[in-house]
Structures are given as structure tokens and as C-alpha cells.
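This note's numbering puts the first residue of the sequence shown at 3, with every later residue one more than the last.
Glycine residues also receive a C-beta, built at the ideal position from the N, C-alpha and C atoms.
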Amino acid sequence: MYLECAAPGVGDASVSKLAIVAAMLLALAPAQAPARDLALPEAESLLVRNNRELQAARRGMESADAQRVIAGARPNATFSVNAASINDANTIDNQRRGADTVFRIDQPFERGKKRELRLDAAGGLQRAARNDYLDVLRQQLAVLQGAYYDLKLAQERAQTLAENAQLFAGTLNAAERRLKAGDLAPADVAKVQVDFERAQNDARGAQADLARAQIALAYLLALEAEARELRAVETWPALERADAAAAEDAIDARPDVAAARTRVEAAERLRDLARAQRTRDVTIGAQYERWLPGGTPTSSFGVGISVPLFTGYDFSGDIQKAEVDRYAALDSLARLRAVARNELARAASDLNAAAERVERFEGSLLGAANRSAQASEFAFSRGAISVLEVLDARRTLRAVRLEALGARADYAKALGAWRAAQASVQSLDAR
């Protein structure tokens, strides 16, 4: 919705300008259900419960649990029945119908601690899957904090630009009054009206940014149907500094590094399992045989044992592959430690820089811009300065206020990234 102002010099255009702007700003806000005030701890709880990426990671844990059940399985026995020398009719000497029937059961027995090694390897992969889930949680918490404070930034930016639009309406009213008094040129009033119209467009654009921020946060929480109701109510976080040197101790406690470490242990067990295949398993069988020699039922029992002969393959390839997989796991662990170290250093640097930027805005820039704008507005209403000077002061104030909001949002997101970078398995598991 755009406001049409009369051309400079028409007296009716200055009537109730502020009321018109207020009505326009109300129209800019889309109709919606009552806002849902969302604090950051509540958002984190919703993330853990509803987030789709976390749900996919839980499926990985469930799969690892099933693999451990598979790894603990013992070989199944085999039962067989065989019949031979079948006599399907009475013979001349009246021998009875019958057959030579054998009932046999065979049970394989693993040797070389294969089952124990499978269980150890599957247990390691099970712990790695749990740590993978915690690493996804660590990353999603950082994404959540970024989206949450993006929403808060969008809210405050929309409010700031709405207030700015009202201030420009006041400036336009003052300019039109001076135009009537004859001490301001129509061209200067036109310049004020251009900035007034731009302020309305900025306010409308801020509403669109707010809607996008709500949608982004709603996706993380699986609350898409309530997106337009979400409102961030958490205050901006207090300033703190990061100690990059102390963060070195956090590397091995991170879930991604812990997952890589457990995969190394699992790869070692799988290597041992590959070597254990050279230990021959045995299969022990027992049988019961019944036959009818001369028409008289006769029974016998027997036992047997079988072992494989490695005449064609001695599992050299399996052992070699397991060794390669172990070295690959070690390489991955070294790579993830380096990534974690770089991430911590970068997060610490970003946090400290963002905190210093916020301090500069809150310490001097915001106050100076507000004082300058107020003085310019007062001087303009008294005819002491030109319209260009008051417009310049008003633009400076708007720019500084928006930059200050951006600085606070950057700091909040940098703080979330820093906390995520040093999050440990223990702290994430507590969630």
C-alpha cells in the first residue's frame, strides 16, 4: 500500500499526515493469529523434539542398534532328512515297504573370537552413530540460534523502519508548514516527500524480511503452520569474549571428533576380525539312521566334524582391505581434529570482533547519531537549517540504528557459533 501525497503547495496535504502514516503501517502488518512468544530455551526444546535433520540422525542410531544385534548372532544349525533305497511295494518274500532314512543335524562353531570381535566393532559403530547424532544436534543448535536472532533482527528492524517512516512524516509536515509560510522552496519539499515515500517502501520491505525470518525459524522447529505467529522475545545476549587458547582442550571432547575416534577403534576390531577368518571354524554333526535290511528295522547313530580347507583363498584381500579402512579412519580423525581446531579459532575471532563492534555502537555511535538527529529536527522546525541537512541527519540516524541492530545480531550468531564449536559430548548428551 502506498501513500499518495498532494503536490507541494496544496494545504490539505499537510492535514493529519501522522495519522495517515500510522494507518498505512497498520495495513502493512499482515493479519495473523495472536503472536506466539518464543524464548530461546523453548525453541531449543522444540528443535530437539521436532527437527527433521535430527530425526534422520536418530534413524542412523536405530540402524546401528540393529547392526549390533546382527553382529551378536550365532550360526544357525542345519537339520536335514534324507531317504534312500526306497522300497515302495511288497517283494515276493513279503519284505515290508520302507526306505533307508537318515536324520541329521549340523551345528557350525566359530573360533578365533569372531563373535566377540563383531560385537566390539558394532558397539564402536553404535557409539559413533550416537556421536554423529550429537554432532548434528550441535550444528542444528548453531543454525537455530542464527535463525532465532535473524527473526529478532527482522522484528526490530521492522519497528525501527516504521518509526523512521513516522519521523519522515513529521519532517514532511514541518516542511509543508514552512512552505506555507514562504520560507521553503517547493523543490525542497519535494525532496522531503521523496525520502518520505522511500521510508514507506523500506517499512514494507522490512515486513517481507520479517515473514522470511519467521518461515526459516519455523522450518527448523517443524512449525510451518504457525510461522507467521512466531515472535522472538529473548533479549540480546550479554557481551563476552572467547579464549582461543583454552578452546584447544575442547577439540577431543567434540562429538564429531569423538565419532571419528570410535570409528578408528571399530576399524581396528574389524581388522582383527579379518585376520580371525584364518582361524578355521568347525561344524559338528550328529545323525540317526534307520533302515530295513531283510525287512527288519535297524537303527544306528553317528557323529561327524568338518573344517574348511583354504585351498583357493586365505582371506588376504579381506585383511588388506581392513588395514586400508583402518588407515582411512585414522586419516579422517586427523582431518576432523584440524577442522575442529580451525573452526574454534575462527569462531573465537568472529566472536571477539563482533563484540568489539557492538561496544563501539553502544558506547558512542548510537548516542551521537540520536543527538545529532534530534538537534537537526529541532533546528529545522525553527528554520535554522536547510531541508538537506535535516534529511542527511535523518538518514544517518536510520543507517546507524540499522547497523547497530545488525551488529547485535552478528554478535548473537557469533556467540552461538562459538558455543557450538566447543560443545562437548557430555553437554549435548544432557539435552
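- Assigned secondary structure, Ala261 (DSSP; H/G/I helix, E/B strand, else coil): Counting from one through the sequence shown, the residue named residue 261 turns up at place 259. Helix at Ala261.
- Query: Taking the C-alpha atoms as reference points, what is the distance between Ala252 and Asn166?
  - Reply: Within the sequence shown, residue 252 is the residue found at index 250, counting from 1. Within the sequence shown, residue 166 is the residue found at index 164, counting from 1. About 45 Å.
- Message: Let me make sure I understand the geometry here. Which of Ala416, Ala229, Thr103, Ala160 has the alpha-carbon closest to that of Val83?
- Response: Working through the sequence shown from its first residue, we reach residue 83 at position 81. The shortest C-alpha separation from Val83 is found at Thr103.
- Message: So, with DSSP's three-state summary, where would you put Leu225?
- Response: For the purposes of this step, residue 225 is taken as residue 223 along the sequence shown, with counting starting at 1. Of the three classes helix, strand and coil, the one that applies to Leu225 here is coil, per DSSP.
- Message: Pairs of beta-carbons, one from the region 42–58 and one from the region 108–120, closer than 8 Å: are there three or more?
- Response: no
- Message: From the DSSP secondary-structure annotation, give me the bridge partner or partners of Glu291.
- Response: For this step, residue 291 is matched to residue 289 along the sequence shown. DSSP lists Val104, Ser302 as partners of Glu291.
- Query: For Leu146, which of Ser87, Ala45, Ala201, Asp327 has the nearest alpha-carbon?
  - Reply: Translated into the one-based positions of the sequence shown, residue 146 becomes position 144. Closest by alpha carbon: Ala45.
- For Gln454, count neighbouring Cβ atoms within 10 angstroms of its own Cβ and tell me buried if that reaches 16, exposed if not. Residue 454 cannot be examined here, being either before or after the span of the chain that is shown, 3 to 433.
- Message: With three or more beta-carbon pairs closer than 8 Å as the criterion, would you say the region 307–315 touches the region 377–393?
- Response: no
- Query: Going by beta carbon distance, what residues of the same chain come within less than 7 Å of Lys415, once the five residues before and after it are set aside?
  - Reply: Position 413 of the sequence shown, counting from 1, holds the residue named residue 415. Only residues of its own chain outside the window of five on either side were considered, and among them Gln147, Gly148, Tyr151 have a CB closer than 7 Å to the CB of Lys415, listed in chain order.
- Message: Less than 7 Å between C-beta atoms, sequence neighbours within five positions excluded: which residues of the same chain meet that for Ala41?
- Response: Along the sequence shown, read from residue 1 onward, the residue named residue 41 stands at position 39. Counting only Cβ-Cβ distances below 7 Å, and skipping sequence neighbours, we find Val235, Glu236.
- Could you give the residue range of the alpha helix (DSSP H) that holds Arg348? Counting from one through the sequence shown, the residue named residue 348 turns up at place 346. Element bounds for Arg348: 318–362.
- Task: Write down every uninterrupted run of the beta strand (DSSP E) in the region 180–236 whose length is 3 residues or greater and which is fully enclosed by it, in chain order.
- Result: 232–234
- Message: Closer than 8 Å is the cut-off here; do at least three beta carbon pairs connect the region 275–294 with the region 315–325?
- Response: yes
- Pick from Gly114, Asn78, Arg106, Val71 that is closest to Arg2, judged by C-alpha positions: There is simply no residue 2 to check, as the chain begins at 3 and stops at 433 in what is shown.
- Can you give the Cα-Cα distance for Ala246 and Ala425, rounded to whole angstroms? One-based indexing of the sequence shown puts residue 246 at position 244. One-based indexing of the sequence shown puts residue 425 at position 423. Going from the Cα of Ala246 to the Cα of Ala425 covers about 14 Å.
- Query: Which value, in whole angstroms, describes the spacing of the CA atoms of Pro107 and Arg76?
  - Reply: The residue you call residue 107 lines up with position 105 of the sequence shown. The residue you call residue 76 lines up with position 74 of the sequence shown. In the sequence under discussion, the amino acid at residue 107 is Ile, which differs from the Pro named in the question. Going from the Cα of Ile107 to the Cα of Arg76 covers about 16 Å.
- Who pairs with Thr454 in a beta bridge, going by DSSP? The structure shown has nothing for residue 454, since the chain only spans 3 to 433.
- Cβ-based neighbour list, Ser260, same chain, cut-off 7 Å, excluding 5 preceding and 5 following: Residue 260 sits at position 258 when you count from the first residue of the sequence shown. In the sequence under discussion, the amino acid at residue 260 is Ala, which differs from the Ser named in the question. So the qualifying residues of the chain are Asn133, Val427.
- Task: With a cut-off of 8 Å on the beta carbons, I'd call Leu223 and Ala123 a contact; round off their distance for me.
- Result: Reading the sequence shown from its first residue, position 221 is the one you call residue 223. Reading the sequence shown from its first residue, position 121 is the one you call residue 123. 37 Å between Cβ atoms; not a contact.
- Got a sec, what are the start and stop residues for the alpha helix (DSSP H) Asp39 sits in? Sequence index remark: in the sequence shown, residue 39 carries index 37 (1-based). Run containing Asp39: none in the alpha helix (DSSP H); it sits in the beta strand (DSSP E), 38–40.
- Message: Check this for me: beta carbons of Asp412 and Ala356, under 9 Å apart or not?
- Response: Residue 412 sits at position 410 when you count from the first residue of the sequence shown. Residue 356 sits at position 354 when you count from the first residue of the sequence shown. Closer than 9 Å, so yes.
- Message: Helix, strand or coil for Thr285? Go by DSSP, reduced to three states.
- Response: Taking the sequence shown and counting its residues from 1, the one referred to as residue 285 is at position 283. Residue state, collapsed to three classes: strand.
- Item | Limits of the alpha helix (DSSP H) - the one that Tyr413 falls within | For the purposes of this step, residue 413 is taken as the residue at position 411 of the sequence shown. Here the alpha helix (DSSP H) through Tyr413 covers 389–423.
- How should Trp420 be labelled, buried or exposed, when 16 other C-beta atoms within 10 angstroms of its C-beta is the threshold for buried? Here the question's residue 420 lines up with position 418 in the sequence shown. That one is buried.
- Message: Going by DSSP in three states, Ser426 sits in which element: helix, strand or coil?
- Response: Start at 1 with the first residue of the sequence shown, and residue 426 comes out as number 424. Shown here, Ser426 sits in coil according to DSSP, grouped into three states, outside any helix or strand.
- Message: Quick check on the burial criterion: 16 or more other C-beta atoms within 10 angstroms. Buried or exposed for Tyr329?
- Response: Here residue 329 corresponds to residue number 327 of the sequence shown, with the count starting at 1. Exposed, because fewer than 16 other Cβ atoms sit within 10 Å of the Cβ of Tyr329.
- How is the alpha helix (DSSP H) around Ala73 delimited, first residue to last? Stepping through the sequence shown from its first residue, residue 73 is reached at position 71. Here the alpha helix (DSSP H) through Ala73 covers 54–73.
- What do you get for Asp67, buried or exposed, if any count of 16 or more other CB atoms within 10 angstroms of its CB means buried? Indexing the sequence shown from 1 puts residue 67 at position 65. With fewer than 16 Cβ atoms within 10 Å of its Cβ, Asp67 is classed as exposed.
- Task: Within its chain, find whatever has a CB closer than 8 Å to the CB of Ala37; leave out the 5 residues flanking it on each side and keep chain order.
- Result: Here residue 37 corresponds to residue number 35 of the sequence shown, with the count starting at 1. For Ala37, same chain residues with a beta-carbon under 8 Å away, outside a window of 5 residues either side, are Glu231, Leu232, Arg233 in chain order.
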